[in-house]
């Protein structure tokens, strides 16, 4: 599985990133399959240079963009869709913070996890027995 993600190449305290395509489980500093552009968040306005044709090509071939890259692609109108959340808060942390929206999301995830579990098999139904006729006592 290929992913489109950022690979840091900047110096200490001056991050600059390459936009690269590489296998999802590779180290971010491994050799990239292809370099699609670069991103400098420190410039004002931020600098994002992409080879749009190649980005679309890789997305068509099944490469998945990371959440951060997806949001940058949405900002640049390369893809259409909603932005993805890049911060994930656990249910216990949400309760501690008192964040109602995060708590609701955590509960929804728990409910989805319970729904994904296989349902217990129902016990076999008892067949009703025919009524036993009472014989008169002799």
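In this note's numbering, the protein residues as written are 39 to 176. Note that CB positions come from ideal geometry on N, CA and C, so glycine has one too.
In the structure shown, residue 129 adopts helical secondary structure according to DSSP, grouped into three states.
When C-alpha distances from residue 90 are compared across 111, 79, 105, the shortest belongs to 111. Between residue 41 and residue 104, the C-beta spacing is below 8 Å. Counting along the chain, no alpha helix (DSSP H) covers residue 72; the unbroken beta strand (DSSP E) around it starts and ends at 72-78.
In terms of CA proximity to residue 86, 107 leads the group 69, 107, 68. Residue 101 counts as buried, since no fewer than 16 other beta carbons sit within 10 angstroms of its beta carbon.
Scanning its chain for C-beta atoms nearer than 8 Å, with the 5 sequence neighbours on each side dropped, one finds around residue 99 the residues 40, in chain order.
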